[in-house]
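Beneath this line is the structure, given in structure tokens, with notes to follow.
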Amino acid sequence: MSSQPVSELRRTLTPVMLWGLGVGYVISGMYFGWNLGLEKGGTLGMAIATFFIIILYLTFTFSYTELACAIPKAGGGFDYANRALGKDWGFLAGMSQNIEFIFAPPAIAFAIGAYFNLFFPQVPIMAIAIFSYVVFTCLNIYGIKAAALFELIITIFAVGELLLFAGVSFPHFEMKNLQHNAFPNGWQGVFAAIPFAIWFFLAIEGVANVAEEAVNPQRTIMLGFGSAILTLVILCILTFTSSIGVAGWEAIVYKEDGSASDSPLPLALRHITGSNNLLYHLLITVGLFGLVASFHGIILAAGRSTFEFGRVKYAPAFLGKIHSRFRTPSNALVINMGIGILALLTGKTAEIITISVFGALTLYIISMVSLLRLRKKEPELARPFKVPAYPWFPWIALVIATVSLIAMTIYNLRLSIIYFLIMGLAYGAFKLFTKK
Numbered sequence: 443m444s445s446q447p448v449s450e451l452r453r454t455l456t457p458v459m460l461w462g463l464g465v466g467y468v469i470s471g472m473y474f475g476w477n478l479g480l481e482k483g484g485t486l487g488m489a490i491a492t493f494f495i496i497i498l499y500l501t502f503t504f505s506y507t508e509l510a511c512a513i514p515k516a517g518g519g520f521d522y523a524n525r526a527l528g529k530d531w532g533f534l535a536g537m538s539q540n541i542e543f544i545f546a547p548p549a550i551a552f553a554i555g556a557y558f559n560l561f562f563p564q565v566p567i568m569a570i571a572i573f574s575y576v577v578f579t580c581l582n583i584y585g586i587k588a589a590a591l592f593e594l595i596i597t598i599f600a601v602g603e604l605l606l607f608a609g610v611s612f613p614h615f616e617m618k619n620l621q622h623n624a625f626p627n628g629w630q631g632v633f634a635a636i637p638f639a640i641w642f643f644l645a646i647e648g649v650a651n652v653a654e655e656a657v658n659p660q661r662t663i664m665l666g667f668g669s670a671i672l673t674l675v676i677l678c679i680l681t682f683t684s685s686i687g688v689a690g691w692e693a694i695v696y697k698e699d700g701s702a703s704d705s706p707l708p709l710a711l712r713h714i715t716g717s718n719n720l721l722y723h724l725l726i727t728v729g730l731f732g733l734v735a736s737f738h739g740i741i742l743a744a745g746r747s748t749f750e751f752g753r754v755k756y757a758p759a760f761l762g763k764i765h766s767r768f769r770t771p772s773n774a775l776v777i778n779m780g781i782g783i784l785a786l787l788t789g790k791t792a793e794i795i796t797i798s799v800f801g802a803l804t805l806y807i808i809s810m811v812s813l814l815r816l817r818k819k820e821p822e823l824a825r826p827f828k829v830p831a832y833p834w835f836p837w838i839a840l841v842i843a844t845v846s847l848i849a850m851t852i853y854n855l856r857l858s859i860i861y862f863l864i865m866g867l868a869y870g871a872f873k874l875f876t877k878k
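Shown next as structure tokens:
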């Protein structure tokens, strides 16, 4: 029997595994969903939105790395806000993080089901999606090392597939395709495209949630986080330019029947190889790895986030229990799976993605305020990694995240009401139960 306390997670993660997790959490955003932002803003509108979102994630990631190295706990943003701003803001940061991590997987699960359904049309999409939830939740319960090793292998396949796609696409690239109808809705289209630009990078901060399971967390997180965001920025630029450069943005947004598709890479490839080519089928098959990598990785991060909430009694205490044999947050993983399947059954994947992005932006804003506050409140706190160009990086991230949240609220008013209602009800319940 292990001598570790029952509330402590096992340290087994290396920098390479953290790179695999960081890239894996995010990489499905390269494969589906982002192209719908082109419908809002065109090539230039989406490019401007993506440019600012890349700046957001570069400045945010390095700022968040300082927090993750100084306070290596499974709760991530929740733990940082709790220490810097007090319990109320800690709860709001944790709740927004839970919403981000719990609501992103159902959208990806539906995409996995749709991919499999192309090859096995007799099996319903929903059945495959639910089966995927059960399998990957069980893998996460079995052990963090097995889960992270699987994530690393499948992420390498997914990165390789994107590089191969770029290699096939760039010989057919034409600049006129980037310039065609590039700014159809003006600056309004830039703001409307923001959630789809965020989808390129959503959940990178999940690396911080496994900090407690990293070997030498200070060094490991710095290397893992830094290499992951650099990889993702390169892949984003390659995928964006190569896919649009083949035949223009309309060709990777609209299917033959005129309806919008969330599968840009197959649409671009069809213009190059046709739909019966072996290379086309190979790339589509391997593309499934990108979806699986993010699905599995975000389930892993969500389990740690919910676990920490239970461990500090901000949610029912049983969520903070560790499995006696596998030393993983099994209760939190199972509850998250249940909520995710319920969200999946609504069939409203685009709305689920948007609510997840609302959670992410709230987390980013509170986390940057926490970093600025901790620098003043605890100047003596050991910080093995310090964000470069302080205080510019956290301030830039804070401003872009705030503008993005305001723009999303304006363009998604109904969903913003639902999101803030969930946050308000959860906060009310928190205040009620903590008083008792």
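Count along the sequence shown from 1, then add 442; that gives the number in the numbering used here. We put the beta carbon where it would ideally sit given N, CA and C, even for glycine.
As assigned by DSSP and simplified to three states, the class of residue i
i	result
L823	coil
K522	The residue you asked about is not Lys; residue 522 is Tyr in the sequence shown. Of the three classes helix, strand and coil, the one that applies to Y522 here is helix, per DSSP.
Y584	helix
Y756	coil
A702	strand
L455	strand
A656	strand
P447	Note that P447 has pLDDT 47, beneath the 50 cutoff, so the model's placement of it is unreliable and the number below is only indicative. DSSP places P447 in coil when its eight states are reduced to three.
Y499	helix
Y722	helix
Y881	Outside the modelled stretch of the chain, which goes from 443 to 878, sits residue 881, for which no answer is possible.
R815	helix
Q564	coil
N854	coil
I741	helix
I513	coil
P833	coil
S505	helix
R767	coil
S809	helix
Residue i vs residue j beta-carbon contact at 8 Å
i	j	result
G555	Q539	no
L478	A702	yes
V601	V465	yes
L742	I583	no
V799	M850	yes
A645	Y832	no
F835	T501	yes
A843	L498	yes
S717	S611	no
I663	A653	yes
A510	T597	no
G729	F615	no
L813	E508	yes
I496	V675	yes
H622	G690	yes
G475	D704	yes
A516	R712	no
G532	F768	no
Spatial distance of residue i from residue j (CA atoms)
i	j	result
I807	E647	13 Å
A526	L725	46 Å
I777	T681	35 Å
S470	I794	15 Å
L857	T791	13 Å
A569	L672	36 Å
T804	L847	8 Å
L855	R453	43 Å
Q446	S766	Summary for Q446: the model assigns pLDDT 46, below 50, so the residue's position carries little reliability, and this model does not support an answer.
Y557	L720	17 Å
L620	Y722	23 Å
N559	T727	12 Å
G739	R815	30 Å
V491	K877	Note that residue 491 is Ala in the sequence shown here, rather than Val. Those two C-alpha atoms are separated by around 43 Å.
G789	V576	18 Å
W461	G666	4 Å
F883	L606	For residue 883 there is no data in the structure shown, the boundaries of the chain being 443 and 878.
Pick from the options that is closest to residue i, judged by C-alpha positions
i	options	result
R781	I544, T492, L455	It is Ile, not Arg, that sits at residue 781 in the sequence shown. With distances taken between Cα atoms, I781 lies closest to I544.
K819	A523, R453, L486	A523
P457	K587, T485, T579	K587
F625	A535, D699, A489, C678	A489
A551	F737, F667, A759	F737
F642	I860, R825, T796	T796
A608	N559, C678, Y869, G668	C678
L594	L672, G732, I496	G732
A757	T579, K873, A571	K873
A650	K828, A634, A871, T503	T503
M459	A546, G668, P708	G668
T579	G866, A744, Y869, I859	A744
Minimum Cβ-Cβ distance from residue i to chain D less than 8 Å
i	result
E647	Looking at the structure shown, chain D is missing, and only one protein chain is on hand.
Residue i: CB within 7 Å of a non-hydrogen atom of the ligand MN
i	result
V649	Here there are no bound small molecules, and the ligand MN is not part of this structure.
Ordered list of alpha helix (DSSP H) runs contained in the segment 457-497, each at least 4 residues:
Complete alpha helix (DSSP H) runs here, min 4: 457-468, 470-473.
Where in the segment 612-651 do unbroken runs of the alpha helix (DSSP H), each at least 4 residues long, occur, reported from the N-terminal end onward?
Complete alpha helix (DSSP H) runs here, min 4: 617-621, 628-634, 636-641.
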